[in-house]
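First comes the structure, then the notes that go with it.
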Amino acid sequence: MLGGINAVCFVASYALALILAVICLFTRRNLWRVFALVVLAAGVAAQTLFLYHHYFSRGDQFIDSAAGWFALLAWGLALCALWLSITLPKSVYMLFLLPASMASIFIGAGMSDSAVSPDTAARTLRLIHITALSGSALLLFVGLITGLMYIAQQRRLRRPKQNRLLPFPPLERLGRMLNRSTTFASGLLGIGIVAGYLMNYLRGADAAVPMTDLLVLGASALFILLTAALVIARTNRSRSVRRVAIGTILGALILAVILMAAAWNHSAHWHPKAEDGVSSSEGGMP
Amino acid sequence: MKFALWGLNHQNAPVDLRERLAFDPSGVERFLDNWPGRFPDTEAVLVSTCNRTELYLGSPGDTLPDPGDIFDYIAAEKGDAALSGDLPQALVYAEGAEAAEHLFAVASSLESMVLGEPQILSQIKDSYLNAAEHQTTGVVTHSAFQRCLAAAKRVAVQTGLFRHRVSIPSVAVSDFALELFDSLADKTTLVLGAGEMAAETLRYLADGGVKKIVVANRTRSRAEELAGDFGAEVIDWEDRFAALDRADLVVAACAVTEPILSRADIQTRLAARRGRPLFLLDLAVPRNFDAAIAQLENVYVYCLDDLNAACERNRKSRSAELPKAKKIVHAEAVDFWRDLRLRESSDLISRLRTQWHETKESELTRLFNKCQDLSEQQRQEIQIAFGRFVNKALHAPIASLRDEIDTRPSTLLEAFVRLFRLK
Numbered sequence: 273m274l275g276g277i278n279a280v281c282f283v284a285s286y287a288l289a290l291i292l293a294v295i296c297l298f299t300r301r302n303l304w305r306v307f308a309l310v311v312l313a314a315g316v317a318a319q320t321l322f323l324y325h326h327y328f329s330r331g332d333q334f335i336d337s338a339a340g341w342f343a344l345l346a347w348g349l350a351l352c353a354l355w356l357s358i359t360l361p362k363s364v365y366m367l368f369l370l371p372a373s374m375a376s377i378f379i380g381a382g383m384s385d386s387a388v389s390p391d392t393a394a395r396t397l398r399l400i401h402i403t404a405l406s407g408s409a410l411l412l413f414v415g416l417i418t419g420l421m422y423i424a425q426q427r428r429l430r431r432p433k434q435n436r437l438l439p440f441p442p443l444e445r446l447g448r449m450l451n452r453s454t455t456f457a458s459g460l461l462g463i464g465i466v467a468g469y470l471m472n473y474l475r476g477a478d479a480a481v482p483m484t485d486l487l488v489l490g491a492s493a494l495f496i497l498l499t500a501a502l503v504i505a506r507t508n509r510s511r512s513v514r515r516v517a518i519g520t521i522l523g524a525l526i527l528a529v530i531l532m533a534a535a536w537n538h539s540a541h542w543h544p545k546a547e548d549g550v551s552s553s554e555g556g557m558p
Numbered sequence: 531m532k533f534a535l536w537g538l539n540h541q542n543a544p545v546d547l548r549e550r551l552a553f554d555p556s557g558v559e560r561f562l563d564n565w566p567g568r569f570p571d572t573e574a575v576l577v578s579t580c581n582r583t584e585l586y587l588g589s590p591g592d593t594l595p596d597p598g599d600i601f602d603y604i605a606a607e608k609g610d611a612a613l614s615g616d617l618p619q620a621l622v623y624a625e626g627a628e629a630a631e632h633l634f635a636v637a638s639s640l641e642s643m644v645l646g647e648p649q650i651l652s653q654i655k656d657s658y659l660n661a662a663e664h665q666t667t668g669v670v671t672h673s674a675f676q677r678c679l680a681a682a683k684r685v686a687v688q689t690g691l692f693r694h695r696v697s698i699p700s701v702a703v704s705d706f707a708l709e710l711f712d713s714l715a716d717k718t719t720l721v722l723g724a725g726e727m728a729a730e731t732l733r734y735l736a737d738g739g740v741k742k743i744v745v746a747n748r749t750r751s752r753a754e755e756l757a758g759d760f761g762a763e764v765i766d767w768e769d770r771f772a773a774l775d776r777a778d779l780v781v782a783a784c785a786v787t788e789p790i791l792s793r794a795d796i797q798t799r800l801a802a803r804r805g806r807p808l809f810l811l812d813l814a815v816p817r818n819f820d821a822a823i824a825q826l827e828n829v830y831v832y833c834l835d836d837l838n839a840a841c842e843r844n845r846k847s848r849s850a851e852l853p854k855a856k857k858i859v860h861a862e863a864v865d866f867w868r869d870l871r872l873r874e875s876s877d878l879i880s881r882l883r884t885q886w887h888e889t890k891e892s893e894l895t896r897l898f899n900k901c902q903d904l905s906e907q908q909r910q911e912i913q914i915a916f917g918r919f920v921n922k923a924l925h926a927p928i929a930s931l932r933d934e935i936d937t938r939p940s941t942l943l944e945a946f947v948r949l950f951r952l953k
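Chains as they are written, first to last, in this note's numbering: chain A, 273 to 558; chain B, 531 to 953.
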């Protein structure tokens with residue numbers, strides 16, 4: 273029965289939830305919000321079952337593939353959208369995280385679903401590497417939305433006469449969330465990078481991912497940028513959150529560019545579906 | 531009788547102009563002290579709040595002072611000669627039932643920024659009592675202001691406008707402070723001033739669960755009196771700068787002519803605040819905070835003009851009750867004006883009757899002197915006939931006069947005075 277669930281089910285749910293969230297902006301009626309949450313929850317549940325089925329049918333091979341990684345990221349983004357929409361009713365996370373989630377699903381559908389590193393020797397390290405980088409990417413996207421909302425809210429507070437179409441959480445809450453998400457994203461990114469370097473070391477020079485690989489370079493640069501933003505913010509507290517917001521937004525945009533470039537430019541990590549010769553019906557995204 | 535108003539408010543004048551025309555309590559005292567010397571035959575009540583400055587004029591006669599003289603007087607009292615030239619364009623004029631309707635609407639808070647806020651009624655009452663103490667009131671303004679208090683009470687009782695307590699501080703805090711802060715419960719609030727607006731702010735904050743409230747006022751005893759009711763801490767007025775280090779929210783409502791906090795005052799405190807945002811709410815006109823403060827990082831300043839959009843939302847949420855309230859106010863104003871005109875016309879009718887009866891009596895005396903042989907019964911018949919003639923002759927014009935009160939009374943009343951040369 274679980275095999276019957278495919279991406280169409282949850283993409284349709286996310287799209288419908290997104291439409292309902294847009295309607296909410298204009299009607300400001302709680303009924304639409306409740307509908308949006310129910311539809312989104314159904315989509316998240318469907319995607320959870322989908323991931324569960326694929327993981328158990330293919331094990332580590334699934335999340336070690338580019339398609340699996342993007343599917344995991346999409347699920348995390350949708351779950352965050354659901355959680356943040358419930359805990360912060362005055363927010364528009366759904367409007368931004370759901371398109372990102374759907375974009376992840378579509379990118380993943382075009383990626384290879386065969387494992388990047390079939391070696392089983394460094395299984396734990398590989399799981400840490402994948403999970404930490406997925407978590408970091410997820411938090412960076414949440415940080416991107418939070419950072420944009422923070423800057424917009426700050427601007428709006430300085431211009432109280434302007435109309436307010438989008439509801440935002442209080443600036444204080446946004447600042448706290450931004451600091452946390454960026455700190456955790458930076459930490460997870462660091463863990464993921466270290467795990468990656470260790471895996472490379474264990475594999476030996478022949479099987480190692482080259483240090484000039486786009487994802488290796490990009491992730492390292494991103495780590496430096498986020499850490500620098502957090503450190504600089506600590507040195508001058510008067511503009512601390514704003515600096516973190518700008519650093520996070522830049523970081524998330526860089527991450528998006530890196531992911532897109534890696535997905536289409538033959539990174540040693542990932543390669544497009546057409547090149548691996550493995551049928552998508554087995555484990556990839558339909 | 532004349533009743534009129536000259537004034538401006540938040541709906542038709544920007545805050546800069548309102549600041550120029552606002553009178554502090556001592557300014558109102560001086561204005562009313564000097565009024566009878568300059569305009570002895572004209573009644574005056576000056577209403578000066580943070581959102582409006584309105585001068586209500588009354589006269590038992592048919593004329594009011596020339597507007598130019600009033601503008602010159604206001605400019606002289608404000609010590610701003612340029613005002614005299616600006617006021618003709620800035621001030622709005624209304625008279626008669628229209629002026630009364632405006633006064634009644636103001637007192638019922640229908641013209642307030644926050645629909646249904648209760649402070650305006652007590653401000654109107656205080657202005658009236660102040661004018662009465664200075665003996666600038668008279669028959670017209672007494673009637674108008676007493677009737678306006680009754681109208682406001684009727685609106686409060688018969689509509690749902692006052693069902694949930696709202697005020698300018700409540701709208702400002704809920705709309706702006708809660709966009710900045712997650713919760714106010716753990717924040718420190720500094721209230722500058724101890725007047726009615728400060729009290730309203732304290733009441734709202736205390737009801738909202740704010741624990742740490744600090745009050746500073748130029749007269750410490752008034753601050754202590756106010757703080758006592760809400761369990762707030764009192765500090766000396768000079769310590770307000772140091773209190774900025776720990777404050778998250780500062781609300782100012784002081785009747786002063788110069789800012790009480792400048793940009794430099796805040797800037798020197800920013801280092802100690804370590805990047806914590808500061809919310810400044812200025813509920814006074816003239817403004818209590820230097821406008822340049824808004825340029826500082828992490829400092830958010832709001833004045834009354836910034837609240838318009840928020841108040842419009844409040845107005846919409848209560849708009850269902852508005853037509854009912856407006857209807858009451860309109861009916862009360864029409865009734866008031868009718869009563870006033872009726873009082874005036876009754877006096878005129880009485881004078882007319884007296885004049886005609888005096889004429890009748892003198893003619894009868896002349897007739898009876900000429901006709902000495904008339905019997906007592908004949909004399910009585912003639913007296914009754916003359917009396918009936920006078921009554922019949924006057925019936926139609928008096929009836930027309932009474933009917934005219936409901937439409938345009940002044941035309942016919944004036945015509946009567948001139949036609950019959952009534953004194």
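Heads up, the beta-carbon is just placed ideally off N, CA and C, and yes, glycines get one too.
Name the DSSP beta bridge partners of residue i, please?
i, result
"B/T583", "B/L538 and B/S578"
"B/E763", "B/V744"
"B/F898", "According to DSSP, B/F898 bridges with nothing at all."
"B/S589", "B/K532"
"B/Y623", "B/W536"
"B/A782", "B/L722 and B/D812"
"B/L645", "DSSP, once it has assigned bridges, lists no residue as partnering B/L645."
"B/E982", "It is not possible to answer for residue 982 of chain B, since the shown part of chain B is limited to 531 through 953."
"B/L791", "B/F819"
Given a threshold of 16 other Cβ atoms within 10 Å of its Cβ, counted over all protein chains shown, does residue i qualify as buried or as exposed?
i, result
"B/K532", "buried"
"A/G549", "Its pLDDT being 43, under 50, A/G549 is placed unreliably by the model, and the measurement read from it follows with that caveat. Exposed, because fewer than 16 other Cβ atoms sit within 10 Å of the Cβ of A/G549."
"A/H401", "buried"
"A/V310", "exposed"
"A/Y422", "buried"
"B/A801", "exposed"
"A/G419", "buried"
"B/W536", "buried"
"A/I496", "exposed"
"A/Q319", "buried"
"B/N542", "exposed"
"A/E547", "Reliability fails at A/E547, whose pLDDT of 49 lies under 50, so the model's placement of it is uncertain and no value is given."
"A/T396", "exposed"
"A/S553", "With a pLDDT of only 36 at A/S553, under the threshold of 50, the placement of this residue in the model should not be trusted; the figure read from the coordinates follows. A/S553 comes out exposed."
"B/R548", "buried"
"B/E788", "exposed"
"B/D599", "exposed"
"A/S551", "With a pLDDT of 38 at A/S551, under the threshold of 50, the predicted position of this residue should be treated as unreliable, though the coordinate-derived value follows. Label assigned to A/S551: exposed."
Closest to residue i by CA distance: which of the options is it?
i, options, result
"A/W304", "A/S357, A/G490 and A/N472", "A/S357"
"B/R951", "B/K922, B/F916 and B/T884", "B/T884"
"B/R806", "A/I463, A/R445, A/S329 and A/L367", "A/R445"
"A/A536", "A/A289, A/N278 and A/A338", "Looking at the sequence shown, residue 536 of chain A is not Ala but Trp. Taking only the C-alpha atoms, the option nearest A/W536 is A/A338."
"B/F553", "B/A861, B/T718 and B/C784", "B/C784"
"B/L720", "B/L708, B/K741, B/F634 and B/S713", "B/K741"
"B/G738", "B/L651, B/T718 and B/K854", "B/T718"
"B/E625", "B/W867, B/Q913, B/F760 and B/D812", "B/W867"
"A/L486", "A/W341, A/H541, A/L399 and A/C296", "A/H541"
"B/V764", "B/V545, B/V744 and B/Y832", "B/V744"
"A/L405", "A/V280, A/V414, A/C352 and A/G468", "A/G468"
"B/D705", "A/M449, A/A457 and A/R428", "A/R428"
Could you tell me which whole beta strand (DSSP E) segments of length 3 or greater appear in the stretch 294-352 of chain A?
The stretch 294-352 of chain A contains no whole beta strand (DSSP E) run of 3 or more residues.
Mind listing which residues of the stretch 834-867 of chain B have their C-beta closer than 9 angstroms to chain A's C-betas, in chain order?
Within the stretch 834-867 of chain B, those residues whose Cβ lies closer than 9 angstroms to any Cβ of chain A are, in chain order, D835, D836, L837, N838, A839 and A840.
Contact residues within the stretch 690-709 of chain B, judged by C-beta distance below 7 angstroms to chain A:
The residues in question are F706, L708 and E709.
Scan the stretch 794-837 of chain B and note each continuous beta strand (DSSP E) run of 3 residues or more that stays entirely inside, going in chain order.
Runs of the beta strand (DSSP E) inside the stretch 794-837 of chain B: 808-812 and 829-832.
Output needed in chain order: residues of the stretch 729-749 of chain B with a Cβ under 8 angstroms from some Cβ in chain A.
Against chain A - using a Cβ distance shorter than 8 angstroms - the stretch 729-749 of chain B contributes no residues.
If contact means a Cβ-Cβ distance below 7 angstroms, which residues of the stretch 778-805 of chain B contact chain A?
Of all residues in the stretch 778-805 of chain B, L800, R804 and G805 have a Cβ within less than 7 angstroms of some Cβ in chain A.
According to a CB-to-CB cut-off of less than 9 angstroms, which residues of the stretch 432-464 of chain A neighbour chain B?
Cβ contacts with chain B come from P432, K433, Q434, N435, R436, F440, P441, P442, L443, E444, R445, G447 and R448.
Short of 8 angstroms Cβ to Cβ, which residues in the stretch 411-433 of chain A face chain B?
Taking 8 angstroms as the Cβ-Cβ cut-off against chain B, the residues of the stretch 411-433 of chain A that qualify are Q425, R428, L429, R430, P432 and K433.
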